[in-house]
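The structure appears right after this line, and notes come after that.
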Ligand SMILES: [Zn+2]
């Protein structure tokens, strides 16, 4: 099976060029100006071709909470968003804290065959914060990193051990940074809007305190700490300082944290309720600057499906989290439109850096010999993100029903077309 | 100018005219309540339901009497936090109530935003009788009515709201309505009860003296002694009353003709001492209770008039 993507504007992290991409079975066989005869031809004229996106932070709710989403619907959402590799978090039911579950998750994704699923194992057994999981065993089963995401690891001692142990296996730890002793059951950012709404808030310092602790533990151990969904200005300052001092730290941000402020909550819309919460203008500005100046390593979605009934409820009862996979491209393209980053930088943030961090040698770049994981992007297409396009079982996105600009019009995984935007010819 | 919205959820979107509409109407109803035949007919044949998901005998009784004086069938429904935890959602509960041909639902709920959520998802008229920490519009209107009645006008006023501002729905509704009327509002309380309060654009006072000086009306808020479970509030009742409570000694900073309001019930000796609370020169707390019925009649009457177009 051979495919030629012709007239492609290929965007890599380091260059953009016009060429044809020759795909033979799973691999990119050549980048060429020739037009060799192939079984299939895709004309990508006027479109951008990027390496398949890698989302290092998703929740597929499988096993255990499949009514929200499962690995199949999650995979469909992913490829509809141009994402060909997903790292699902461990807060499933049962929790992914052992090799058996890790293997099951991978097998289920393979059977569906749309994406590569690289599970993130829990840091601690049952995510109870006490005993570190069998990291070596889980890595052998296919786990790529460790996180109790959703719950912070409160004990400094356990976190230290996790950093040391994961380092031994060449892996890393992702912490959901939150000092819960400063929570008081908060539901949103503490500040102007929470005061007006009469909703208990979570101060940004709650995140910043935990970020500083983890940076210090990374200093102590030499382990690699990856800070999940950074949302505050001071967290970024702390990360910058630590990195300048040579501490092994990487970080991620989400589209919602570089797009929205807490002002969106003025109507108690539960689709803007997430953790960490939407913060202030100065935080959003800081996140955007950190993306532009290279402090941020990756953009992730924190795709967090919740059943419609769970969000159609009083604000303080609703769970945290929103969908993200199918809005990743349009929201990230806004950064390009705003002149903050280039297309090349967008590719670096959504694919290349993640591939490097995860040591995926055949992904993240469009080049001869790489896996043919590709997304064809129309940056200018306008469309309504409606329930027909939405592939998740849930619809907890504030963007449902809104007009978006820019989309994956065709997604190719290991040489196979796995998604076509409805009624668009690419 | 009368009020034409379907619901009354917040004072933040009330115009000056709308506020005076309620106050003027309340005055008429108060006269009725003081006559021999305490009965009007505007809600005759209508059903109101007091849907209370949080206990409040006072507010519920006040709404119940208001509805009955207007001729409505007033039904009380109460559901504690624990019983709604058993499964039925708030909207299901409300839809069940509305399905029984209810015209007005008066909602008291422990979640901020709950009344707005209910109003957006039902056809019945919804009155917010207190939602979480957010708002309590009828209380603000009755406070204003009490001030207006006593002073004759609401011009050039300075009001101090003192106590647990963050957790007070009374404070929020009063601040919005008072600012719309051009009333200056000062806030004072322990710092942990003032978190984020700069948001309202009121003057934040540093001492009881600053709060009381040149103030026409003092609204003392109720300290929630029962709510010590989930958070740090203040170190002790003794210290609270020393620094943030209203005592006879501190009244020397206040104007001679100052009015004192309190949403009740009072914690005597905590936020307010009996020697002040019971001093007829200052206190209007029982007036507030009486006026509450008239104001709530004005609200129910207005919403039903809207329906009839
Ligand atoms: Zn998280």
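Chains as they are written, first to last, in the working numbering: chain A, 1 to 426; chain B, 1 to 309. Ideal placement from N, C-alpha and C gives every residue a C-beta, glycine not left out. Everything numeric in this text was worked out from a predicted model, so none of it was measured.
Can you tell me whether residue i is buried or exposed, with buried defined as 16 or more other CB within 10 angstroms of its CB?
i, result
"residue 41 of chain A", "exposed"
"residue 39 of chain A", "exposed"
"residue 23 of chain B", "buried"
"residue 229 of chain A", "buried"
"residue 197 of chain A", "buried"
"residue 206 of chain A", "buried"
"residue 222 of chain B", "buried"
"residue 276 of chain B", "buried"
"residue 309 of chain B", "Low confidence applies here, because residue 309 of chain B scores a pLDDT of 47, under 50, leaving its location unreliable and the question unanswered by this model."
"residue 31 of chain B", "exposed"
"residue 111 of chain B", "buried"
"residue 44 of chain B", "exposed"
"residue 56 of chain A", "buried"
"residue 243 of chain B", "exposed"
"residue 337 of chain A", "exposed"
"residue 274 of chain A", "buried"
"residue 100 of chain B", "exposed"
"residue 80 of chain B", "exposed"
"residue 14 of chain B", "buried"
Which stretch, first to last residue, makes up the beta strand (DSSP E) that contains residue i?
i, result
"residue 20 of chain A", "16–24"
"residue 108 of chain B", "104–109"
"residue 187 of chain B", "184–188"
"residue 316 of chain A", "Careful: residue 316 of chain A lies outside any beta strand (DSSP E) and carries neither H nor E."
"residue 158 of chain B", "158–162"
"residue 280 of chain B", "No beta strand (DSSP E) holds residue 280 of chain B; DSSP gives it neither H nor E."
"residue 252 of chain A", "249–253"
"residue 417 of chain A", "416–420"
"residue 262 of chain A", "Unbroken run through residue 262 of chain A: none, as it is neither H nor E."
"residue 383 of chain A", "374–384"
"residue 147 of chain A", "145–147"
"residue 448 of chain A", "In the structure as shown, chain A begins at 1 and stops at 426. Residue 448 of chain A is therefore absent and cannot be evaluated."
"residue 48 of chain A", "48–51"
"residue 165 of chain B", "Unbroken run through residue 165 of chain B: none, as it is neither H nor E."
"residue 30 of chain A", "27–32"
"residue 9 of chain B", "Segment: none, residue 9 of chain B is in no beta strand (DSSP E) and carries neither H nor E."
"residue 40 of chain A", "40–43"
"residue 224 of chain A", "Run containing residue 224 of chain A: none; DSSP gives neither H nor E here."
Residue range of the alpha helix (DSSP H) that residue i falls in?
i, result
"residue 178 of chain B", "169–180"
"residue 21 of chain B", "16–33"
"residue 239 of chain A", "233–244"
"residue 281 of chain A", "281–292"
"residue 137 of chain A", "135–141"
"residue 221 of chain B", "No alpha helix (DSSP H) contains residue 221 of chain B, which DSSP labels as neither H nor E."
"residue 208 of chain B", "208–212"
"residue 242 of chain B", "237–244"
Closer than 8 Å, CB to CB, is residue i near chain D or not?
i, result
"residue 213 of chain A", "In summary, chain D is missing from the structure at hand, where the protein chains are A and B."
Below 7 Å from a heavy atom of ligand 1 - residues by beta-carbon: A:149, A:150, A:176, A:228, A:229, A:275 and A:302
Please identify, using Cβ separations under 8 Å, the residues of the segment 94–118 of chain B that lie next to chain A, in order along the chain. 109, 111, 112, 113, 114, 116 and 117
Relative to chain A, which residues along the segment 124–153 of chain B have a C-beta separation below 7 Å, given in chain order? 132, 133 and 134
What alpha helix (DSSP H) runs, 4 residues minimum, are completely inside the segment 318–369 of chain A? If we require 4 residues or more, the alpha helix (DSSP H) runs fully inside the segment 318–369 of chain A come out as 328–337, 343–347 and 353–357.
Residue ranges of each alpha helix (DSSP H) within the segment 153–207 of chain A, 4 or longer: 156–168 and 192–197
Just list the beta strand (DSSP E) runs in the segment 387–414 of chain A, keeping only unbroken ones of 3 residues or longer that don't cross its boundaries, in chain order. 403–413
For the segment 45–92 of chain B, list the alpha helix (DSSP H) runs that are entirely contained and at least 4 residues long, ordered along the chain. Counting whole runs of 4 or more residues, the segment 45–92 of chain B contains the alpha helix (DSSP H) stretches 57–69 and 81–84.
Beta carbons nearer than 7 Å to chain A: which residues of the segment 286–298 of chain B have them? Near chain A, meaning a CB-to-CB distance below 7 Å, no residue of the segment 286–298 of chain B qualifies.
Give, in chain order, every unbroken run of the beta strand (DSSP E) that is at least 3 residues long and sits entirely within the segment 64–127 of chain A. Along the segment 64–127 of chain A, the beta strand (DSSP E) occurs as fully enclosed runs of 3 or more residues at 83–88, listed in sequence order.
Would you list, in sequence order, the uninterrupted alpha helix (DSSP H) runs of no fewer than 4 residues that lie entirely inside the segment 111–145 of chain B? For the segment 111–145 of chain B, whole alpha helix (DSSP H) runs of length 4 or above, ordered along the chain, are 114–120.
Against chain A, which members of the segment 61–90 of chain B pass a CB distance test of less than 7 Å? 89 and 90
In the segment 299–332 of chain A, which residues sit with their C-beta less than 8 Å from some C-beta in chain B, listed in chain order? Cβ contacts with chain B: 309, 312, 313, 314, 315, 316 and 317.
Under 7 Å (Cβ pairs) to chain B, residues found in the segment 53–69 of chain A: Of all residues in the segment 53–69 of chain A, none has a Cβ within less than 7 Å of some Cβ in chain B.
Check each residue of the segment 166–184 of chain B: if its Cβ is closer than 9 Å to any Cβ of chain A, include it; give the result in chain order. Answer set for the segment 166–184 of chain B: 166, 167, 168, 169 and 172.
Pull out every residue of the segment 183–205 of chain B whose Cβ sits closer than 7 Å to any Cβ of chain A, in chain order. 195, 196, 197 and 199
Taking only runs of the alpha helix (DSSP H) that begin and end inside the segment 254–306 of chain B, which ones reach a length of at least 4 residues, in chain order? If we require 4 residues or more, the alpha helix (DSSP H) runs fully inside the segment 254–306 of chain B come out as 274–277.
Residues in the segment 174–198 of chain A having any Cβ partner in chain B nearer than 7 Å: 184, 185, 190, 191, 192, 194, 195, 196, 197 and 198
At a Cβ cut of 7 Å, what residues of the segment 251–269 of chain A count as close to chain B, listed as they run along the chain? Residues of the segment 251–269 of chain A with a C-beta atom less than 7 Å from some C-beta of chain B are 268, listed in chain order.
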